[in-house]
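S.K.:
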Amino acid sequence: MKISILAAAAALMAGACSAQAANIEFWYGNTGPVETAIKAQCDAFNAAQTQHKVTCVGQGSYEVSMQKAIAAYRAKNHPVLIQFFDAGTLDLMLSNAVVPVQEILPDVKWDSYIAGARAYYETSGGKLFAQPYNASTLLFYTNKTELEKAGITQTPTTWEEVIDAARKLKTAGHACPFVTDGDTWRVLEQFSARHGLPIASRHNGYDGLDAEYVFNTTFVAKHLQNLVDWRKEGLVKLNADTKAGNYTAAFNAGECAMMEGSSGSYAASTKAFDGKYQITVNMAPMYKGYERHNTLVGGASIYVMKGHDQAEVDGAKAFLDFLRKPEQQMAFTAATGYVPVTNDVLDAINKSGDAKAAKYATAAIGIESMNQPPTADSRGIRLGFYVQFREIFMEETQKAYGGQQTMQVSLDNAKKRGDELLRRFEQTYKGVKLP
Amino acid sequence: MTSESTLFSNRWLPILLVAPFMLLIVLFFYVPIFQAFYWSFFLEQPFGGGSMFVGLDNFARVLSDREFWQAGWRTIIFMVTASSLAVLIPLILAVAADRKVRLSLPARNVLVWPKGVAGASIGVVFAFVFNPFVGILAPLNKAFPGIWAPGIDGTDAFITLIAAHVWGGIPFNFVILLAGLQSIPRTMHQAAAMDGAGPWRRIFDVQLPLIMPQLFLTLVLEFTESVTSAFALIDTITHGGPGGATTLLVYKIYKDGFSGYDLSGASTQTAILMIFVILLTAAQFVFLGRRINYER
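If you read the protein sequences in the order shown, they are chains A and B. Going by the working numbering, the first sequence opens with residue 1, and the numbers climb by one from there. Going by the working numbering, the second sequence opens with residue 436, and the numbers climb by one from there.
1. Output needed in chain order: residues of the region 49-80 of chain A with a Cβ under 7 Å from some Cβ in chain B.
2. Between the region 394-404 of chain A and the region 192-209 of chain A, do three or more beta carbon pairs fall short of 8 Å?
3. Tell me the residue span of the beta strand (DSSP E) that contains F488 of chain B.
4. Report the rounded CA-to-CA distance for P648 of chain B versus S518 of chain B, giving the unit in angstroms.
5. Taking Cβ-Cβ distances shorter than 7 Å, what residues in chain B pair up with Q404 of chain A?
6. If contact means a Cβ-Cβ distance below 7 Å, which residues of the region 553-583 of chain B contact chain A?
7. N294 of chain A by DSSP, collapsed to three states: which one?
8. Relative to the C-alpha of I527 of chain B, which candidate in B:Q642, B:M514, B:Q505 has its C-alpha closest?
9. For P33 of chain A versus A361 of chain A, is the C-beta distance shorter than 7 Å?
10. Using a C-beta to C-beta distance shorter than 7 Å, which residues of chain B count as neighbours of V187 of chain A?
11. Over the uninterrupted beta strand (DSSP E) stretch that includes C256 of chain A, give me the two end residues.
12. Could you give the C-beta distance for F513 of chain B and S661 of chain B, rounded to a whole number, given that I count them as a contact under 8 Å?
13. Anything in chain A within Cβ reach of Q480 of chain B, meaning under 9 Å, just list it in chain order.
14. In whole angstroms, what is the alpha-carbon distance linking I381 of chain A and V214 of chain A?
15. Let me see if you follow: with CB-CB separation under 7 Å, is T437 of chain B close to chain A or not?
16. Does N544 of chain B come out as helix, strand or coil in the three-state DSSP assignment?
17. Going by C-alpha distance, which of A:S410, A:A117, A:V236 is nearest A221 of chain A?
18. Taking P435 of chain A as the reference, give the member of A:D347, A:D321, A:T375, A:A130 with the closest Cα.
19. Pairing CB atoms from the region 462-481 of chain B with CB atoms from the region 694-714 of chain B, are three or more of them under 8 Å?
20. Taking Q398 of chain A as the query, report the chain B residues whose CB atoms sit under 7 Å from its CB, ordered along the chain.
21. Residues of chain A with CB closer than 7 Å to the CB of S694 of chain B, please, in chain order.
22. Show which residues of chain A have a CB atom less than 9 Å away from the CB atom of I587 of chain B.
23. Between F140 of chain A and A376 of chain A, is the Cβ-Cβ spacing less than 7 Å?
24. Are any of the Cβ atoms in chain A nearer than 7 Å to that of G603 of chain B?
25. Does any C-beta atom of chain A lie closer than 7 Å to the C-beta of G483 of chain B?
26. Identify the contact partners of D91 of chain A in chain B, using a Cβ-Cβ distance below 8 Å as the criterion.
27. Hey, does E395 of chain A have any beta-carbon neighbour from chain B nearer than 7 Å?
28. What three-state label does DSSP hand T55 of chain A in the structure shown?
29. To the nearest angstrom, report how far apart S439 of chain A and S136 of chain A are at their CA atoms.
30. Counting only Cβ pairs nearer than 8 Å, list the residues of chain A close to K687 of chain B.
31. Any contact between the region 110-128 of chain A and the region 355-370 of chain A? By contact I mean 3 or more CB pairs, one from each, below 8 Å.
32. Taking DSSP as the reference, what is the three-state secondary structure of P455 of chain B?
33. Below 9 Å on C-beta distance, what does K550 of chain B contact in chain A?
34. Cα-Cα, which of A:T36, A:K53, A:L92, A:R202 is closest to E25 of chain A?
35. Please name the residue, chosen from B:L652, B:G490, B:A628, that lies closest to G724 of chain B on a Cα-to-Cα basis.
36. Could you compute how far the alpha carbon of P549 of chain B sits from the alpha carbon of A529 of chain B?
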């Protein structure tokens, strides 16, 4: 008898829960100051209204979040909202597990998103698949104090100037003039985009699943060989060459004087520099003789997953609407250094009278960088299993930095292995059209 | 030894007692393994919603993949070097502790402690110990810059991994081998000594032959375990790098499956790896196990 009472109570409670049904989950992958800012937004949403309640769950990293989402989706246990990073865009578009945001929120003024952000996440028909959230782009950071000590008064803007400055720093006894981690996003994607170089044929896959990698034949090969040579000369350091073991940590600690890094790490850098060093942030350096094009929107965006009832979808919509509010985006930018990618927010920042403030420094430069004249190859990357390609690229180029093989051999290998991924992706989604 | 009183009277009771454990094994071992074998014949979409039977295509793809063979070779190199060392070093320690050399009593205690440390924790500790700037080899790097660089040099990273694995393997093997040594009757030593055998002679002619069962056990366990247990160390120390130099098969499977969303390829490699481990253990029993004399 008792058991049946318990069962009845449980059924009642379950019924009560589903009647509210406005409890939604949102999964994200960031940590550190960014996670704090995300949690603050969730709390603000829950405080601002009573109809819906969002539970924000941190998964530790973008990769882990995606892994768990895949497992959860297969087990029909997935959240309604999930943040995914740029590299997973095509995997998600074809996954049949998400609904394009523009489809469920048709009345939003999506064209207020800057072209660079739209291009990365929109279908060929111009529909935005995901709502850009923590958008970032590649910027060039210097430790102004250290540069001045070595007699460099002008912040370098070209690679030639960067290396000149690095030589001066080295002569002045600086152990780590320029630092990078050789990450695919930084040294291949953002470099290719702003120099107007293709990474893969068919406009980086935008025109079809039959694309092939071509980066091993472009100017990026020369740049990467330069990085190898500069590293030998002691001008460029990698993660493992630094005491801190990580390029941003090495820059933030003052160990390294210049770095190429995401706008999303700006908040951490300024906090670490506070009172010790002066920082500059600018657009990433170009090689002389190349016209500057836009950098890609990095970071992550929010997707709405299929398989939830109307009440949950309504909650999701309300949360997405909340996140798009200018004051929310401004607060998020100020707290993290991520770039707001809608024109109305940029206007709001300009009107706020704070436009020149340090907390919005990355917004202006980031937008300027992403608003440079685009090419058909700087829209974004629409290649399958791209998350794994990023790792293959890192693995192969590390062999070149370690002196095991030349950079050209590394790039040729990475292309070959990457093409195998693309062919398998094509086979996995046989007969599926690009949206 | 078996007598009536040690048997269960109720036919269902023993089954009931092992049932929870069997259930766990079925749920967390046989079901996933079956799933892996099943998926290895399909091309599976990451989010589900479409899978296509491809016959042996996945096996053909994996077996013609250079990366797979390289990871396989690395696995074998790791297995042979790390397992041999993980038996040899505890053996030396056990012989020393058994001979009641100075400090052998505290050593018997202290050497068991690492058993209580999880693989991932060992990894975190060793990443610090072998850090080129602050670790124990930092002075070496000061004298010869760049000589120890596990973040750049694949060989250095591999050595770090082996050292961590061996350290983690010491306690268990030490306990087993010491137990074996201590069960050798003292009279055997005394008889050998009276026949004029020195300490070294006694080790090779009396002790080692008599602990063959224990040595065999530790070797079999080490060989099979080193294939899979390296995962926690790789994931915390090297992440398979630099340049894939420490990507053993077990780590490659994880990478392919979880960050590459290649469920079919990862399943296929799991199937191959499992068959390999089964064959390896069978071979050890066939070629080594038979020659071991368990009687004393």
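Backbone N, C-alpha and C fix where the C-beta goes; we use that ideal spot for every residue, glycine too. Since this is a predicted model, take the numbers as computed values, not measurements.
M.R.: Result, derived from the coordinates:
1. E63, Q67, I70, Y73, R74
2. no
3. 486-488
4. Rounded to the nearest angstrom, the two C-alpha atoms are 17 Å apart.
5. G678
6. F568: these are the residues of the region 553-583 of chain B whose beta carbon lies less than 7 Å from some beta carbon of chain A, given in chain order.
7. coil
8. Nearest option by C-alpha distance: B:Q642.
9. no
10. Ordered by position in chain B, no residue passes the 7 Å Cβ test against V187 of chain A, which lies about 15 Å from the chain.
11. No beta strand (DSSP E) holds C256 of chain A; DSSP gives it neither H nor E.
12. 6 Å
13. L94, S95, N96, T428, Y429
14. 13 Å
15. With a pLDDT of 48 at T437 of chain B, under the threshold of 50, the modelled position of that residue is not reliable, and the figure given next carries that caveat. Closer than 7 Å: no.
16. Helix at N544 of chain B.
17. A:S410
18. A:A130
19. yes
20. G676, P677, G678
21. E63, V387, Q388, E391
22. The answer, in chain order, is L238, A240, D241, Q398, Y401, G402, G403.
23. no
24. no
25. Chain A places a beta carbon closer than 7 Å to that of G483 of chain B, counting this residue as a contact.
26. Listed along the chain, the chain B residues whose CB falls inside 8 Å of the CB of D91 of chain A are P481, Y696.
27. So, interface residue.
28. strand
29. Absent from the model: residue 439 of chain A. The displayed extent of chain A is 1 to 435, so no value can be given.
30. Result: empty, since nearest Cβ-Cβ is about 11 Å, beyond 8 Å.
31. The region 110-128 of chain A makes contact with the region 355-370 of chain A, as at least three CB pairs between them are under 8 Å.
32. Collapsing the DSSP output to three states places P455 of chain B in a helix.
33. Simply none; closest approach about 28 Å.
34. A:K53
35. B:L652
36. 15 Å
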